[in-house]
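Quick notes on the structure that follows.
Protein chains: 2
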Amino acid sequence: MSPVSRREKLRQDTLREIRAVARELLRSEGPAAVTINAIARQMGMSGPAVYRYYANHEELIEAVTADFYRELTVEMEAARDTHPPGEHRDRLLSSCRALRAWAVRHRPEFRWVFASPVPSRAALQPDSPLHLAGCEFGQVFLDQLVELWKTRPFPVPELHRLPPAHREQLQAYSREIGHALPPEAAHVFLTCWIRLYGMLCMEVLNQLDFACSDVEPLFEECLRELCGMLALAYAPPG
Amino acid sequence: MSPVSRREKLRQDTLREIRAVARELLRSEGPAAVTINAIARQMGMSGPAVYRYYANHEELIEAVTADFYRELTVEMEAARDTHPPGEHRDRLLSSCRALRAWAVRHRPEFRWVFASPVPSRAALQPDSPLHLAGCEFGQVFLDQLVELWKTRPFPVPELHRLPPAHREQLQAYSREIGHALPPEAAHVFLTCWIRLYGMLCMEVLNQLDFACSDVEPLFEECLRELCGMLALAYAPPG
DNA sequence: ATTTTTAGTTAGATAGTCTAACTAAAGTTA
DNA sequence: TAACTTTAGTTAGACTATCTAACTAAAAAT
């Protein structure tokens, strides 16, 4: 007895096809074109049939977004793993570059991830696939800083010099990740993450076009600064 | 003879009211609720009447977005001008804090500005009100760096050490702003802008909630770093 | 006083989300 | 195998959106 019935397999195939068609529409016609009806047409079925698979438009959108997170996560992990476990610097740089490469190669998808923003922590139920996928994505970066911290701790600010309110948040977060990083190292992690991800956000949302068409050099400089903060020697790509 | 006829005045009032109602809907019911019909209902007129004022939904959205840019610009300028012209440090910090204050106080609006992103440089016609408002917004920050550069130049990288492709873009941009900043100073401007704006982008798009509910301390640290890059002595708010 | 312009109206074409009621096929069980 | 249940699909339709067309009434211009 196979654990998945034939029916279940077909169902999974259809679910996958729906998301694939949605993505194709996103790429070819933009986010507004990703409608239940358009997907159904493309698949040669009637509109309401799609509701057998996703309860409503929002749920479909979330599933597609989760796919994007997962694909991005896999690519970052793959890039990271082109270097042996000990090579923290190369692993980190590779995965960061993979992040940007994906974002640039899949602009509509990356924009989509931002534009339908993680509805503030409180809103999204913490066990939804989207939330999970988002966490696992962030984890790729976090894990590497944790690993680095364990083997080759980077410089951190003195905890008592950080504003008390901020300190408490860092302590809470440190607890939340099982003390894998102490609060002051979590602060460095956050700072790095904001730099990296914030820059990509601006690039992909076309907020840098006024001055740049090619943002890669700025991104590399960002990576150089990241290395600085983490006491790693920057190395150019290639 | 008044230069604006009575009719024109009424028209401007209605245009303003449409945008105000749109904004109210955005705040109270979210971006999806900002529809031509809902606005018309709220104003007690029939749907198609709105088309006398805005040719289509997109044009209305653009006008509202331009309003947001303008309001934000005004607030930043006002904050800047609470300090006398010579006080570069205080003026810059005040306007940056005003930027974040507006973003946090008007989250839906700020999100909206990002989420309906400046359609890449090529797309948007350069004389549209939205594009203009966006430029004027960026100008608030740029102008201050220009002023600072003229009176108290900040450290810059050596131009020949930047990647050639990047150098060319910076040269083009420098030309575009009438050489108000040389390319290497434009590079510093860009770096600062990305830090500042990128961080806000992440905060407002709920990408930092996983660790922080109060991002202010991180923002202040960002300002501290900005001051460092610009050879200014950071000063806390208040 | 007549004409033109403008701001509004209703009716309707088209396209979306989503529900309800039904059908046919596939799987399950007596 | 026959009857039953579950599932994936169907069509019809209620509701809402954008936007066009054709019309009306009021205001402005001549």
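Taken in sequence, the protein lines are chains A and B. Take the first sequence: its letters are residues 288 to 525, numbered as in this note's numbering. Take the second sequence: its letters are residues 288 to 525, numbered as in this note's numbering. The C-beta atom is built at its ideal place from N, Cα and C for all residues, glycine as well.
Can you tell me the Cα-Cα spacing of residue i and residue j, whole angstroms?
i	j	result
A:PHE428	B:GLY334	49 Å
B:LEU495	B:PRO444	31 Å
B:LEU487	B:ALA388	10 Å
A:ASP354	A:ARG306	8 Å
A:ALA472	A:PHE441	8 Å
A:LEU417	B:GLU311	30 Å
B:ASP377	B:ARG367	8 Å
A:ASP300	A:GLU362	23 Å
B:LYS296	B:ALA467	39 Å
B:THR360	B:GLY425	8 Å
B:GLU345	A:SER292	48 Å
A:GLY317	A:CYS509	30 Å
B:GLN458	B:PRO469	8 Å
B:LEU435	B:HIS474	15 Å
A:CYS499	B:GLN456	6 Å
A:GLN329	A:TYR340	16 Å
A:ARG454	A:LEU446	7 Å
A:VAL357	A:ALA420	Sequence check: residue 357 of chain A is Arg here, not Val. The straight-line gap from Cα to Cα measures roughly 6 Å.
B:GLU490	A:PRO450	18 Å
A:ALA327	B:ILE323	27 Å
B:LEU347	A:ASP430	45 Å
A:GLY373	B:VAL433	45 Å
B:LEU313	B:ALA320	7 Å
A:THR438	B:PHE476	36 Å
B:GLU463	A:ILE464	48 Å
B:ALA336	B:ARG298	12 Å
A:GLU396	B:ARG294	46 Å
A:MET332	A:PRO504	47 Å
So which residues on chain B does residue i lean against when the C-beta distance must stay under 7 Å?
i	result
A:GLY317	Result: empty, since nearest Cβ-Cβ is about 10 Å, beyond 7 Å.
A:GLY425	PHE497
A:ALA402	ALA402
A:LEU510	Residues of chain B passing the Cβ test: none, with the nearest at roughly 13 Å.
A:PRO450	PRO504
Given that residue i touches chain B, what residues does it touch there, using C-beta distances under 9 Å?
i	result
A:CYS514	Going along chain B, no residue has its Cβ under 9 Å from A:CYS514, so there is no contact; the nearest lies around 16 Å.
A:LEU505	HIS453, HIS474, LEU477, THR478, ILE481
Name the chain A residues that come within less than 9 Å of residue i, Cβ to Cβ?
i	result
B:CYS499	HIS453, GLN456, LEU457, TYR460, LEU477
Run down chain B in chain order and give the residues with a C-beta less than 8 Å from the C-beta of residue i.
i	result
A:MET363	By Cβ distance, chain B contributes nothing, its closest Cβ being about 16 Å from A:MET363, past 8 Å.
Run through chain A and tell me which residues come within less than 7 Å of residue i, C-beta to C-beta.
i	result
B:TYR484	MET489, GLN494
Compute the minimum distance between the beta carbon of residue i and the heavy atoms of the ligand FAD, and state whether it is under 7 Å.
i	result
B:ALA473	Absence of the ligand FAD from the depicted structure is noted, as is the absence of any ligand whatsoever, leaving it without description.
Please compile the residues from chain A whose C-beta is within a distance smaller than 8 Å of the C-beta of residue i.
i	result
B:ALA467	Here the premise fails: no neighbours, minimum Cβ distance about 13 Å.
Can you name, in chain order, every residue of its own chain whose Cβ lies under 8 Å from the Cβ of residue i, other than the five neighbours on each side?
i	result
A:GLN412	HIS418
B:GLU512	ARG482
B:PRO524	LEU380, ARG384, GLU507
B:SER382	MET363, GLU364, ALA366, ARG367, VAL427, PHE428, GLN431
B:HIS370	ASP377, ARG378, SER381
A:VAL308	ILE326, GLN329, MET330
Can you give me the Cβ contacts of residue i inside the same chain, cut-off strictly under 7 Å, excluding the 5 residues immediately before and after it?
i	result
B:TYR338	none
A:TYR460	ALA473
A:MET288	Below a pLDDT of 50, predicted positions are generally treated as unreliable, and A:MET288, at 40, falls in that range; no measurement from the model is reported.
A:VAL283	With chain A covering 288 to 525 only, the question about residue 283 of chain A has no answer from this structure.
B:ARG398	VAL491, LEU492
By Cβ distance below 6 Å, which residues in the same chain neighbour residue i in space, the five residues on each side in sequence not counted?
i	result
B:HIS375	LEU435
A:GLU349	LEU417
A:LEU302	TYR340
B:GLU423	THR360
Query raised in the report: Quick check: the segment 468-481 of chain B against the segment 490-507 of chain A, are there 3 or more CB pairs under 8 Å?
Result: The segment 468-481 of chain B vs the segment 490-507 of chain A: in contact.
Requested in this report: For the segment 381-397 of chain A and the segment 515-522 of chain A, state whether three or more C-beta atom pairs, one from each stretch, are separated by less than 8 Å.
Outcome: no
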